[in-house]
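Numbering (the UniProt record's numbering), first residue to last: 1 to 607.
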């Protein structure tokens, strides 16, 4: 199936909606919790319900249904039996599915959509990392005030299992050399402290943490030029700024490990929020704080209890050039394959991020002409592992921020496709913050999926000017996130928030990402200067498609989820407003009132 080929039919079909012309759809695109598990009203019945199997368990009617199905983009009513959609069509036709026990959901003009499918997110990482103090402030003074207030008011001076944790400090609040341990020492001199950056690629720790981890002036970089413990240029002592995941993972392992119980507790606390955001499927792009085998087991344990509210397609996170990941991936795939949870993808981290200078660039950094950043793997290492993984039938999901990282990933995929027999490949490059113009056509030529985090497609407060422009220079900063150009080149597109990672803010709400992907302005900020190129704004229909069918295709689930069609699973959401008929800058504020996954209620404020 060529997902890219269906875009035009989706857009043409969108005009068939009640009261919607094509002009209205495009204008909408470019202008202007309660959780109940296995509710009796939506009790799951045997999965393979057919159209003629008797009365429906649920009927939705009296509201627009946007199906994201190119054969029928709009409908008036939907019927569900057990886990399965058995009817999509007009209001008269659904009456044949009405029975004495059928629950009738009167939409009252509210919009019914397929559930959102996140193409790149980290639930098992984000849930524990975001516990503790929220550090999302723009200035050092605000951050330090928040530290003092937290220490004065939180139980045990903010320590959680002996460690003070926090998340979200912004690079723009500190100089390029990063935050320092002395600022934390002034508040917590005797308790280990571990603060994760907003992008989850760096950390800020105090002297106690460094001492417990054995980090001194003599500690070498974990990966020279990429991941290291920043040192004071005068004294040589570690500053408390920890750059990139390999070095951060050393701190986590030795001082601030996340216990199994803490991870499960944190995830359980977050799951209702995911359902309230309308999320019914996730691609877990790396667990990091827990071994992959344990992470999949956590998901499966929740599934066995009926408490996992979304499907999980997961990956093995790989950022260690000296380790062969394929035996581990093969073992994961063999062990973890349930109805809702599946291990199947190799996640390769190519580079870092722009903010800490670890994104791999074709040209030098504007603020550091001696550096182009670096990739974790050499081109030869990348080609070797990609060719072997592809030959075994595994799909690969790359993290690539810089243009050199994207090119290296494309080169490796091109070589693997040429070397190995044809097959149904779903290789994906995620983020694509900067793509060289010469590489844009290669996505479509190779059939490589381009995943984007739509909420990043803006100037993101002060981040763009103070970080991206400062690091990369104006010319490169003005051609970020070429999503529409890559789509027009024939590549499939998907969206995922990458929660908890962010530039200036951390969000897991698909509607935030969808709005910003359409406007290239901050969510709810119509007066913001939009991020260029303006021609890379998606329409609303395109953005919804990317966050539903786009991810369904990426994960190999397009025959089961991603659209509202007969025979697909009943992953459905009800929005409190029709997002095609409101100003686009209000989309982020729309609330999900009902979320079904597999026909079961996972979030309900509608009744």
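No residue lacks a Cβ here, since even glycine has one placed at the ideal position from N, Cα and C. As the structure is a computational prediction, the values presented were derived from the model and not from experiment.
Proximity below 9 Å, CB of residue i to CB of residue j
i, j, result
"residue 352", "residue 315", "no"
"residue 389", "residue 327", "no"
"residue 430", "residue 502", "no"
"residue 511", "residue 592", "yes"
"residue 571", "residue 472", "no"
"residue 350", "residue 403", "no"
"residue 590", "residue 575", "yes"
"residue 449", "residue 422", "no"
"residue 111", "residue 578", "yes"
"residue 160", "residue 262", "yes"
"residue 514", "residue 115", "no"
"residue 84", "residue 599", "yes"
"residue 487", "residue 538", "yes"
"residue 347", "residue 427", "no"
"residue 451", "residue 554", "yes"
"residue 585", "residue 523", "yes"
"residue 617", "residue 188", "Because residue 617 is not part of the residues shown, which for the chain are 1 to 607, the question remains open."
"residue 483", "residue 462", "no"
"residue 61", "residue 107", "yes"
"residue 506", "residue 126", "yes"
"residue 143", "residue 186", "no"
"residue 207", "residue 178", "no"
"residue 566", "residue 252", "no"
"residue 279", "residue 117", "yes"
Neighbour-count burial assignment, residue i, 16 or more Cβ in a 10 Å radius
i, result
"residue 104", "exposed"
"residue 455", "buried"
"residue 123", "buried"
"residue 485", "buried"
"residue 597", "buried"
"residue 595", "buried"
"residue 100", "exposed"
"residue 500", "buried"
"residue 438", "exposed"
"residue 408", "buried"
"residue 73", "buried"
"residue 309", "buried"
"residue 498", "buried"
"residue 28", "Its pLDDT being 37, under 50, residue 28 is placed unreliably by the model, and the measurement read from it follows with that caveat. Buried, because 16 or more other Cβ atoms sit within 10 Å of the Cβ of residue 28."
"residue 587", "buried"
"residue 520", "buried"
"residue 529", "exposed"
"residue 418", "exposed"
"residue 182", "exposed"
"residue 369", "exposed"
CB-CB length for residue i against residue j, believed under 8 Å
i, j, result
"residue 230", "residue 238", "7 Å"
"residue 146", "residue 129", "Residue 146 to residue 129, Cβ: 17 Å. No contact."
"residue 210", "residue 240", "7 Å"
"residue 227", "residue 245", "7 Å"
"residue 364", "residue 371", "6 Å"
"residue 296", "residue 234", "Residue 296 to residue 234, Cβ: 47 Å. No contact."
"residue 90", "residue 77", "7 Å"
Per DSSP, the bridge partner or partners of residue i
i, result
"residue 194", "165, 205"
"residue 368", "365"
"residue 604", "594"
"residue 408", "According to DSSP, residue 408 bridges with nothing at all."
"residue 238", "231"
"residue 84", "81, 569"
"residue 66", "74"
"residue 58", "80, 103"
"residue 314", "284, 343"
"residue 398", "348, 429"
"residue 134", "167"
"residue 159", "164"
"residue 117", "281"
"residue 298", "Answer is none; residue 298 lacks a bridge partner."
The ligand NAD heavy atom lying under 8 Å from the CB of residue i
i, result
"residue 279", "In the structure shown, the ligand NAD is absent, as is every other ligand, since no ligand is present at all."
Separation of residue j from residue i, as counted between CA atoms
i, j, result
"residue 131", "residue 266", "8 Å"
"residue 313", "residue 333", "11 Å"
"residue 440", "residue 329", "30 Å"
"residue 148", "residue 164", "12 Å"
"residue 195", "residue 248", "10 Å"
"residue 81", "residue 57", "5 Å"
"residue 184", "residue 550", "43 Å"
"residue 220", "residue 300", "39 Å"
"residue 317", "residue 292", "8 Å"
"residue 582", "residue 273", "24 Å"
C-beta neighbour in chain C for residue i, strict 9 Å
i, result
"residue 604", "Protein chain content of the structure displayed is limited to a single chain, and chain C is not contained in it."
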